[in-house]
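Asker:
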Amino acid sequence: GVSFMIDKMALEEMVIHFGKYNMIGGLCWKHSNLIDPVLCTYNSAVRIAYKIHNQEVHLGKEVTVIGVACFGKDDLYPMLVAPTCKTHLPWMEMQLAVLQVIGYSSRNHSPQIHYYSLHYSFAMDGDATCCAAGHRLFIKKPLTSDSLLFATLSDMPSLNTLTGDNKVTLDSDFKHIFKHMCFFCFW
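Below you can see the structure in the form of structure tokens.
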């Protein structure tokens, strides 16, 4: 099986030029479809600058990174690196990105992860945006008793056995859970 891992990092908001392709980058993935990133003429550069100035196109404030790790292997395979502007409902953007990555990996197995093609878990950090999207996607249905996971997890009391479609589970980083519990213990 495989585990998807997701995290976000802050970005310096700026446009970058990829000289090899004569294209620009650093724009929010949600709004970058409103322009042609290829710099063909001086006017195309002016149009891009105008749309950024008028906030029709946004610069990326943070980057969402999604990778895949195969159980029992140390390798991580990047699936998505996408700048976001955080101007719309961020959990909806995160949910869309997660669904696109899962759909893509279901259709296009790379040779490295083809053997491990069952999607078992989606690991997220304690970020509220990731958690909201994760709960909407992966905490929907009880794990059925005929599942291979049920035999392992059913003996662990108080363990969440809710899954998403195709029995994908949600994993959280325990340091965030412990930090949350400690915060409320001291109040």
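Numbering (the numbering used here), first residue to last: -5 to 181.
For glycine and all other residues, C-beta sits at the position ideal for the given N, C-alpha and C.
Can you check whether the CB of glutamate 6 is closer than 7 Å to the CB of lysine 55?
Answerer: The residue labelled residue 55 in the question sits at position 61 within the sequence shown. The residue labelled residue 6 in the question sits at position 12 within the sequence shown. No, the Cβ-Cβ distance between lysine 55 and glutamate 6 is not below 7 Å.
Asker: Kindly indicate the opening and closing residues of the beta strand (DSSP E) around valine 57.
Answerer: For the purposes of this step, residue 57 is identified with residue 63 of the sequence shown, where counting begins at 1. 56 to 64 is the extent of the beta strand (DSSP E) around valine 57.
Asker: Enumerate in chain order the residues of its own chain whose CB-to-CB distance from serine -3 is below 6 Å, with the five nearest sequence positions on each side excluded.
Answerer: Here residue -3 corresponds to residue number 3 of the sequence shown, with the count starting at 1. Hits under 6 Å: Ala63, Ser115, Ala117.
Asker: Name, in chain order, the residues that DSSP records as bridge partners for aspartate 1.
Answerer: As a working mapping, residue 1 is identified with position 7 in the sequence shown. According to DSSP, which records beta bridges pairwise, aspartate 1 is partnered with Val59.
Asker: Taking 6 Å as the line, does the beta carbon of threonine 138 fall inside it for any heavy atom of the ligand MG?
Answerer: Ligands displayed in this structure: none; no statement on the ligand MG is therefore possible.
Asker: What three-state label does DSSP hand histidine 47 in the structure shown?
Answerer: Working through the sequence shown from its first residue, we reach residue 47 at position 53. If DSSP states are grouped into helix, strand and coil, histidine 47 belongs with the helices.
Asker: For valine 40, count neighbouring C-beta atoms within 10 Å of its own C-beta (all shown protein chains included) and say buried if the count is 16 or more, exposed if not.
Answerer: Within the sequence shown, numbered from 1, the residue matching residue 40 stands at position 46. So valine 40 ends up on the exposed side.
Asker: Could you name the residues of the same chain whose beta carbon sits closer than 8 Å to that of valine 51, not counting the 5 residues immediately before and after it, in chain order?
Answerer: Taking the first residue of the sequence shown as 1, we reach residue 51 at position 57. Cβ within range, chain order: Leu21, Cys22, His25, Ser26, Leu28, Ile29, Ile42, Lys45.
Asker: Between which two residues does the beta strand (DSSP E) holding leucine 74 run?
Answerer: Sequence index remark: in the sequence shown, residue 74 carries index 80 (1-based). First-last of the beta strand (DSSP E) with leucine 74: 70 to 78.
Asker: Rank Val9, Leu142, Met3 by C-alpha distance to the C-alpha of lysine 80 and give the top, closest one.
Answerer: Taking the first residue of the sequence shown as 1, we reach residue 80 at position 86. Out of Val9, Leu142, Met3, Met3 has the C-alpha closest to the C-alpha of lysine 80.
Asker: Please name the residue, chosen from Ile60, Gly66, Asp69, that lies closest to valine 92 on a Cα-to-Cα basis.
Answerer: For this step, residue 92 is matched to residue 98 along the sequence shown. Closest option to valine 92, Cα to Cα, is Ile60.
Asker: Leucine 70: which of Lys161, Ser148, Ile18, Ile0 sits nearest, CA to CA?
Answerer: Here the question's residue 70 lines up with position 76 in the sequence shown. Comparing Cα-Cα distances from leucine 70 to each of Lys161, Ser148, Ile18, Ile0, the minimum goes to Ile0.
Asker: Ignore the nearest five residues each way along the sequence and tell me which others in lysine 161's own chain have a CB closer than 7 Å to its CB.
Answerer: On the sequence shown, residue 161 is found 167 positions in, with the first residue counted as 1. These residues qualify, in order along the chain: Leu137, Ser141, Leu143.
Asker: Please confirm whether threonine 157 and leucine 147 have their CB atoms less than 7 Å apart.
Answerer: For the purposes of this step, residue 157 is taken as the residue at position 163 of the sequence shown. For the purposes of this step, residue 147 is taken as the residue at position 153 of the sequence shown. No, they are not a contact pair.
Asker: Quick one: Cα of cysteine 34 to Cα of isoleucine 18, how far?
Answerer: Working through the sequence shown from its first residue, we reach residue 34 at position 40. Working through the sequence shown from its first residue, we reach residue 18 at position 24. Each residue's alpha carbon lies about 11 Å from the other.
Asker: Hey, leucine 164 and glycine 128: beta-carbon distance below 7 Å or not?
Answerer: Stepping through the sequence shown from its first residue, residue 164 is reached at position 170. Stepping through the sequence shown from its first residue, residue 128 is reached at position 134. Going by C-beta atoms, leucine 164 is nearer than 7 Å to glycine 128.
Asker: Between phenylalanine 65 and glycine -5, what straight-line distance do the alpha-carbon atoms span, to the nearest angstrom?
Answerer: Taking the first residue of the sequence shown as position 1, residue 65 is located at position 71. Taking the first residue of the sequence shown as position 1, residue -5 is located at position 1. Between phenylalanine 65 and glycine -5, the C-alpha separation is close to 6 Å.
Asker: So leucine 142 is in the alpha helix (DSSP H); what residue range does that whole segment cover?
Answerer: In the sequence shown, counting from the first residue as 1, residue 142 sits at position 148. Its alpha helix (DSSP H) spans residues 142 to 147.
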